[in-house]
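Following full-length UniProt numbering, the numbering of the sequence shown begins with 1 at its first residue and continues without gaps.
Ideal Cβ placement from N, Cα and C applies to all residues, glycine included.
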Amino acid sequence: MLTGGGAVLNVGNPRPGQSVAVVGLGGVGMAAVLTALTYPDVRVIGVDQMPEKLSAAKKLGVHDAYTPQRATDAGVKADVVVEAVGHPGALETAIALTAPGGRTVTVGLPPPDARISISPLGFVAEGRSLIGSYLGSAVPSRDIPRFVSLWRSGRLPVESLVSSTIRLDDINAAMDRLADGTAIRQLITF
1 MLTGGGAVLN VGNPRPGQSV AVVGLGGVGM AAVLTALTYP DVRVIGVDQM PEKLSAAKKL
61 GVHDAYTPQR ATDAGVKADV VVEAVGHPGA LETAIALTAP GGRTVTVGLP PPDARISISP
121 LGFVAEGRSL IGSYLGSAVP SRDIPRFVSL WRSGRLPVES LVSSTIRLDD INAAMDRLAD
181 GTAIRQLITF
């Protein structure tokens with residue numbers, strides 16, 4: 001919750017009437033989605049390549065769900081866009097989906113040699129910002145109690161992020177599901 005949720009709470013901080021798009025609907029991205037859904041009168045958009053993740057985001061309550069190409073083709077724009085993949089293409093998509101005056105918050109960690117291609121004119125002419133947020137710019141002593149309070153109030157159902165429960169003997173298959181992108185969060189039972 002700290003990374004994805006923290007990116008929304010600490011950096012994005014959407015206001016009523018604004019929209020939040022999350023690019024990448026793995027565990028970090030879904031935490032950002034759940035946190036964005038706690039804000040009143042904020043439209044939440046999920047973006048991912050995998051149809052299963054778009055379906056999972058819809059079940060969590062996103063207002064709209066798109067593949068990156070469909071979002072771009074439809075002209076989707078959001079005031080706050082959280083990139084939670086760590087891939088240059090995902091960051092380029094997030095930047096493209098950012099509305100004039102909006103903020104792109106990147107929490108994904110790409111390889112050190114990764115590069116992106118963007119037009120600086122768009123940032124200047126449209127007054128957009130690109131913000132890096134390591135671990136959601138979280139301060140655990142401040143933010144964990146905030147998440148616990150939201151959970152206790154029923155507004156942050158973190159248990160909905162658990163895609164499967166596994167035994168330790170199944171760890172290899174669980175790691176394969178993570179690598180394939182089919183798992184969100186998996187709990188190990190002993």
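Contact check, residue 81 vs residue 98, beta carbons under 7 Å: The sequence position of residue 81 within the sequence shown is 81, counting from 1. The sequence position of residue 98 within the sequence shown is 98, counting from 1. Yes, they are a contact pair.
Residue 59, buried or exposed, once every other Cβ within 10 Å from all chains shown has been counted against 16: Against the sequence shown, residue 59 aligns to sequence position 59. By the 10 Å Cβ count, residue 59 comes out exposed.
Using the Cβ count rule (16 or more neighbours within 10 Å means buried), how would you classify residue 167? Taking the sequence shown and counting its residues from 1, one reaches residue 167 at position 167. By the C-beta density criterion, residue 167 is exposed, having fewer than 16 other C-beta atoms within 10 angstroms.
Take residue 102 and list the residues in its own chain whose beta-carbon comes closer than 6 Å to its own, dropping the five residues that flank it on each side. Looking up residue 102 in the sequence shown gives position 102. So the list reads 79 and 128, once near-sequence residues are dropped.
Quick check on residue 111: buried or exposed, where buried means 16 or more other Cβ atoms within 10 Å of its Cβ? For the purposes of this step, residue 111 is taken as residue 111 along the sequence shown, with counting starting at 1. So residue 111 counts as exposed.
Taking C-beta to C-beta, are residue 33 and residue 57 nearer than 7 Å? Position 33 of the sequence shown, counted from the first residue, corresponds to residue 33. Position 57 of the sequence shown, counted from the first residue, corresponds to residue 57. A contact, by the Cβ cut-off of 7 Å.
Can the beta-carbon of residue 21 be found less than 7 Å from the beta-carbon of residue 47? Counting from one through the sequence shown, the residue named residue 21 turns up at place 21. Counting from one through the sequence shown, the residue named residue 47 turns up at place 47. Yes, they are a contact pair.
Exposed unless 16 or more other CB atoms sit within 10 angstroms - verdict on residue 143: Walking along the sequence shown from the start, residue 143 turns up at place 143. Buried, because 16 or more other Cβ atoms sit within 10 Å of the Cβ of residue 143.
Buried or exposed: which applies to residue 186, given that a residue is buried once 16 or more other Cβ atoms fall within 10 Å of its Cβ? Walking along the sequence shown from the start, residue 186 turns up at place 186. With 16 or more other Cβ atoms within 10 Å, it is buried.
Outcome for residue 175 when other beta-carbon atoms lying within 10 angstroms are tallied against a minimum of 16: As a first step, residue 175 must be located in the sequence shown, where it is residue number 175. Classification for residue 175: exposed.
Hey, how far is the Cα of residue 95 from the Cα of residue 18? Here residue 95 refers to the residue found at position 95 of the sequence shown. Here residue 18 refers to the residue found at position 18 of the sequence shown. Approximately 17 Å, taken between the alpha carbons.
Nearest to residue 12 by alpha carbon, out of 24, 104, 55 and 31? For the purposes of this step, residue 12 is taken as residue 12 along the sequence shown, with counting starting at 1. Residue 12 has its Cα closest to that of 104, out of 24, 104, 55 and 31.
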